[in-house]
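Residue numbers (my numbering), protein chains in the order written: chain A, 1 to 397; chain B, 1 to 311.
The C-beta atom is built at its ideal place from N, Cα and C for all residues, glycine as well.
For reference, the structure is listed below as structure tokens.
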């Protein structure tokens, strides 16, 4: 059924269709309409879930940690400083290997206070052990929330579904809502691998030594480092698992096919633009316009950021004449964070294209299609000439 | 009606804590944990933040506890317990008890926000704070409940300057279902208060005074004796609050009939941590304790008078 609703409502719809059992959240703009919608569903009795109105984001994730450990499918959502207030809990969730989905409605991080959109909040939390997927439109928000539960529960790693504040959270777009029967066929009920309860008592997250040692049966029990290694290796496997899950989603729901990245006019492109989230949508039109001008340009709209699809990107981009990465976050004193990761992915390739990096949109600074057009044209025309990396779009505007 | 009290004669023989755990010799928490779990029973999930209890439970992959324990971050005990409870509600499980068990740092300081939030929401679980009056697990630093004048590793010359936080009073101001204070020196009182708390709906809070030999600089064999001195000198008071009514528990209620309590200096001098307290400070403390008990006696007399002649 097609509806015309906001991105936040799309996320709430995904959560309801996923039959989430426990929701905990604390208000923060621009996430609030999402959790308000969920509390409305729960209060009205149209959604059978426990809604815990907590006193902080740190507690929101704590409620989810407790609930997920007790075999309940759980959800929370936040933005910006709320996400950073969860930072300790983010590491805990992934380290405890708890399946969970959280929507991060991307917003600039203070100080100074700023409620508009950029990606610094979630990008700065990329090393917490969470899977990060970026949606670029409302349909992707809804579908990704549902797919993320399958993925999270299969690999026992929590998933952030990130989408742009205001650009997506508060704007209206038509999108298709799958019916509950189809979603139920795709997403089985959640069952935690350890039982927290009287039947088979378990002590979870106990103090772990640097080294492994035998358990009471004499079997080798891993130490902290083995457990970290497991998380790393299983996170890498999540790329293939997510691709399979996306295929199953497409079979049942009828949509999907671009779990890692969506390629737009990429096949014969000499130059490829790379971007996360809603700006990728905007660049689609720019690429068409550049093609009209006779420049062979394509777009790679990256959705899966952690685990980082290095092999996929190397295969896609190694033989191009140039790659232009647009991003709304950076690693201060270095470069755009996605760009740095992408450069590392290309390093082992025999032929390495030049990679140009643009920072834009920080704290909601406006950007227009013309900015992408000019930036891409500039890179193509400069060729491999020296370039102050990263370049900044919109400074002094 | 007088509730039936548990004694060593009718206490269950079933053990829920394995012997040979990592508690220090003479640890007050070890007494509370062993006897407390007997009151809680097997149909329960414990939620524990970093503390001496985390260490006492054992190091992965072994554990000294026979119940399910969820170890969580320092600040989040009451919130994580709320999550466990929410999951049980979602599963229509109304029998498994959720018990949060944290130290004074995890309760009075870093954990107080989550605790306050959980009480305000009317969560249905038992929260136990074992108060050894300092960050003992990290090497004896001051906490919000460390008494004024006590020496700690980060207040090492003149002792803590500030007064201690009255956490049970802070909790009681939220009007939870039940508040009680206990002492590791009176484990049966602790046992029965847990039993009572678990029979009530809503958030129940038990604050347990927990002597700590290394942290209080006392002999290991003295933990129970010093815990009893805290109660008998009137410096630590055992009581329950239900429906806004405060009632002294037996070991403290007995003091109402005494004209004069043993001096608090007996309690203070038995421990090395109070050796920086000067004579004046001890006298001031004695005056405060005397004033507190004078108020209890007045309230008690008013209550007796209001009840009228006994039949």
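DSSP beta-bridge partners of residue 133/A: 161/A and 304/A
C-beta atoms of residue 129/A and residue 95/A nearer than 8 Å: yes
Compare the C-beta of residue 21/A against all C-beta atoms of chain B and say whether one is closer than 8 Å. yes
From 3/A, 102/A and 98/A, pick the residue whose C-alpha is nearest to that of residue 194/A; which is it? 98/A
Is the CB-CB distance between residue 400/A and residue 163/A below 8 Å? Here chain A comprises residues numbered 1 to 397, so residue 400/A is not present and cannot be evaluated.
What residue range does the beta strand (DSSP E) around residue 4/A cover? 2-6
Let's see if you can read the secondary structure: which residues bound the beta strand (DSSP E) around residue 116/A? Note, residue 116/A: premise wrong, no beta strand (DSSP E); not H, not E.
Any idea what DSSP makes of residue 296/A, helix, strand or coil? coil
Classification of residue 260/B by the beta-carbon crowding that lies within 10 angstroms, buried from 16 upward: exposed
Could you list the residues in the region 55-67 of chain B with a C-beta less than 7 Å from some C-beta on chain A, going in chain order? 55, 57, 58, 59, 60, 61, 62, 63, 65, 66 and 67
Nearest residue (CA-CA) to residue 221/B, options 248/B, 37/B, 186/B and 25/B: 25/B
Is residue 8/B buried or exposed, if buried means 16 or more other CB atoms sit within 10 Å of its CB? exposed
Name the residue from 180/A, 114/A, 252/A and 52/A whose alpha carbon lies nearest to the alpha carbon of residue 364/A. 114/A
Residues from the region 24-48 of chain B in contact with chain A, defined by Cβ distance under 8 Å: 42, 43, 44, 45 and 47
With a threshold of 8 Å between beta-carbons, can residue 16/A be considered close to chain B, or not? no
In its own chain, which residues sit with a C-beta less than 7 Å from the C-beta of residue 190/B, not counting the 5 before and 5 after it? 32, 35, 36, 182 and 208
Going straight from the alpha carbon of residue 213/A to that of residue 205/B, what length do you get? 38 Å
Span of the beta strand (DSSP E), counted from its first residue to its last, around residue 233/B: Element bounds for residue 233/B: n/a, residue is neither H nor E.
Pairs of beta-carbons, one from the region 100-110 of chain A and one from the region 139-149 of chain A, closer than 8 Å: are there three or more? yes
List the whole-angstrom C-beta distance separating residue 89/A from residue 82/B, where the pair is believed to meet the contact cut-off of C-beta under 8 Å. 14 Å between Cβ atoms; not a contact.
Just to confirm the assignment, what range does the alpha helix (DSSP H) spanning residue 28/A have? Where residue 28/A is concerned, there is no enclosing alpha helix (DSSP H), given that its DSSP letter is neither H nor E.
Residue-chain proximity (residue 198/B, chain A), Cβ-Cβ < 8 Å: no
Chain-ordered residues of the region 109-135 of chain B with a beta carbon less than 9 Å from chain A: 113, 114, 116, 117, 118, 120, 121 and 123
Are the beta-carbon atoms of residue 117/B and residue 86/B separated by less than 8 Å? no
Do the region 320-329 of chain A and the region 273-291 of chain A make contact, defined as three or more Cβ pairs closer than 8 Å? yes
When the Cα atoms are used, what is the spatial distance from residue 11/A to residue 380/A? 38 Å
Quick check: the region 162-179 of chain B against the region 224-236 of chain B, are at least 3 beta-carbon pairs closer than 8 Å? no
Within 8 Å of any Cβ in chain A, is that where the Cβ of residue 158/B sits? no
Do three or more CB pairs link the region 29-38 of chain A to the region 184-204 of chain A at distances below 8 Å? no
From the DSSP output, read off the bridge partner residues of residue 248/B. 239/B
Could you tell me which chain B residues have their CB closer than 8 Å to the CB of residue 205/A, listed as they occur along the chain? 70, 71 and 72
Using a C-beta to C-beta distance shorter than 8 Å, which residues of chain A count as neighbours of residue 84/B? 66, 67, 69, 70 and 196
To which residues of the same chain is residue 319/A closer than 7 Å at the C-beta, ignoring the five residues directly before and after it? 351
Ignore the nearest five residues each way along the sequence and tell me which others in residue 202/B's own chain have a CB closer than 7 Å to its CB. 122, 124, 176 and 177
Closer than 9 Å at the beta carbon, the chain B residues around residue 234/A: What residue 234/A touches in chain B: nothing, since even the nearest Cβ is about 19 Å away.
I need the straight-line Cα distance from residue 256/A to residue 250/A, nearest angstrom please. 5 Å
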